[in-house]
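Residue numbers (the working numbering): 11 to 186. The beta-carbon is built from N, C-alpha and C at its ideal position, and this holds for glycine as well. Small disclaimer: the values here were computed from a predicted structure and weren't measured. This report concerns only the one structure given below.
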Amino acid sequence: QNKHDITKKVYCNAAMCSLGKQEESIELIKEFLEETYYDSRQIFSIIRDCAYKSSQLLRYAIKTVYDEYLNSDDEEKVIKAINGAYELCDKPKFNFKDITLQLIKDSIGVSSIVDKKFSDEVYTALINLVERLLNDKNKDEFIDVLFFIIENDACNQRLKFKSISMLKRLSVDPPR
Numbered sequence: 011q012n013k014h015d016i017t018k019k020v021y022c023n024a025a026m027c028s029l030g031k032q033e034e035s036i037e038l039i040k041e042f043l044e045e046t047y048y049d050s051r052q053i054f055s056i057i058r059d060c061a062y063k064s065s066q067l068l069r070y071a072i073k074t075v076y077d078e079y080l081n082s083d084d085e086e087k088v089i090k091a092i093n094g095a096y097e098l099c100d101k102p103k104f105n106f107k108d109i110t111l112q113l114i115k116d117s118i119g120v121s122s123i124v125d126k127k128f129s130d131e132v133y134t135a136l137i138n139l140v141e142r143l144l145n146d147k148n149k150d151e152f153i154d155v156l157f158f159i160i161e162n163d164a165c166n167q168r169l170k171f172k173s174i175s176m177l178k179r180l181s182v183d184p185p186r
């Protein structure tokens, strides 16, 4: 019964998003990150359908939800935002990468000075995201993230080593 209600809610949110309703678009993105009843792929296909009609609204919803999740004191939310970014970044048609990636970089401290220290799980999620998205064509977007991990005292040796090997694979010299 509950799953049936959630199905209705998700599809209603999608329909309202397509009609330009802000709150419902935000709910749709939250369900995507939370994966309460669906895996993110199912929800992403619904988001993809909405994006044809409401790309600007979804950009706003993604920015709003990512701001909330990435600035949360709950690391689970930060990790959910990072893990959800792959689907939103990897689809060139919608190109939400400019929003999600920049917000992640800003909140974790890659492109600004943030005093917040995160646990290994957050940095692991970040390096896994980079690993999934990284290729020769877009390496410039991620070199700063890899350098950040290598130079960050809060990151463990395994993550630093993984970052160094990714840089070497791209023929970029790691920082000394």
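Taking C-beta to C-beta, are ALA61 and LEU38 nearer than 8 Å?
Start at 1 with the first residue of the sequence shown, and residue 61 comes out as number 51. Start at 1 with the first residue of the sequence shown, and residue 38 comes out as number 28. No, the pair does not count as a contact, with Cβ atoms beyond the cut-off.
Checking 8 Å against the spacing of the C-beta atoms, do ALA24 and ILE89 come in under that value?
Taking the sequence shown and counting its residues from 1, one reaches residue 24 at position 14. Taking the sequence shown and counting its residues from 1, one reaches residue 89 at position 79. Inclusion of ALA24 and ILE89 in the CB contact set at 8 Å is not warranted, their separation being larger than that value.
At which residues does the alpha helix (DSSP H) containing GLY94 begin and terminate?
As a position in the sequence shown, residue 94 is number 84, starting the count at 1. Counting along the chain, the alpha helix (DSSP H) containing GLY94 begins and ends at 85 to 99.
Assign GLU45 to one of three DSSP states: helix, strand, or coil.
To locate residue 45, count along the sequence shown from 1; it is residue 35. Coil at GLU45, not helix or strand.
Which full runs of the alpha helix (DSSP H) of 4+ residues lie inside the segment 152 to 181, going along the chain?
The qualifying runs are 167 to 179.
Check each candidate in VAL155, LYS172, ASP83, VAL75 and name the one with the smallest Cα separation from LEU98.
On the sequence shown, position 88 is the one that residue 98 refers to. Of all alpha-carbon atoms in VAL155, LYS172, ASP83, VAL75, the one lying nearest the alpha-carbon of LEU98 is that of VAL75.
Beta-carbon gap between ILE159 and ILE137 smaller than 8 Å
The residue labelled residue 159 in the question sits at position 149 within the sequence shown. The residue labelled residue 137 in the question sits at position 127 within the sequence shown. Less than 8 Å divides the Cβ of ILE159 from the Cβ of ILE137.
7 Å Cβ shell around ARG5 - same chain, five flanking residues per side excluded:
Any property of residue 5 remains undetermined from this structure, which presents the chain solely from 11 to 186.
Pull up the distance between the alpha-carbon of ASP84 and that of LEU180, whole angstroms please.
Your numbering for residue 84 matches position 74 in the sequence shown. Your numbering for residue 180 matches position 170 in the sequence shown. About 34 Å.
Straight-line gap, CYS22 to GLU33 (C-alpha atoms, nearest Å)
Residue numbering aside, residue 22 sits at position 12 when the sequence shown is read from its first letter. Residue numbering aside, residue 33 sits at position 23 when the sequence shown is read from its first letter. Using only the alpha carbons, I get a separation of about 12 Å.
According to DSSP, simplified to helix, strand and coil, what is ASP146?
By 1-based counting over the sequence shown, the position of residue 146 is 136. When DSSP states are grouped into helix, strand and coil, ASP146 belongs to the coil group.
So, with DSSP's three-state summary, where would you put LEU139?
Taking the first residue of the sequence shown as position 1, residue 139 is located at position 129. Three-state DSSP puts LEU139 in a helix.
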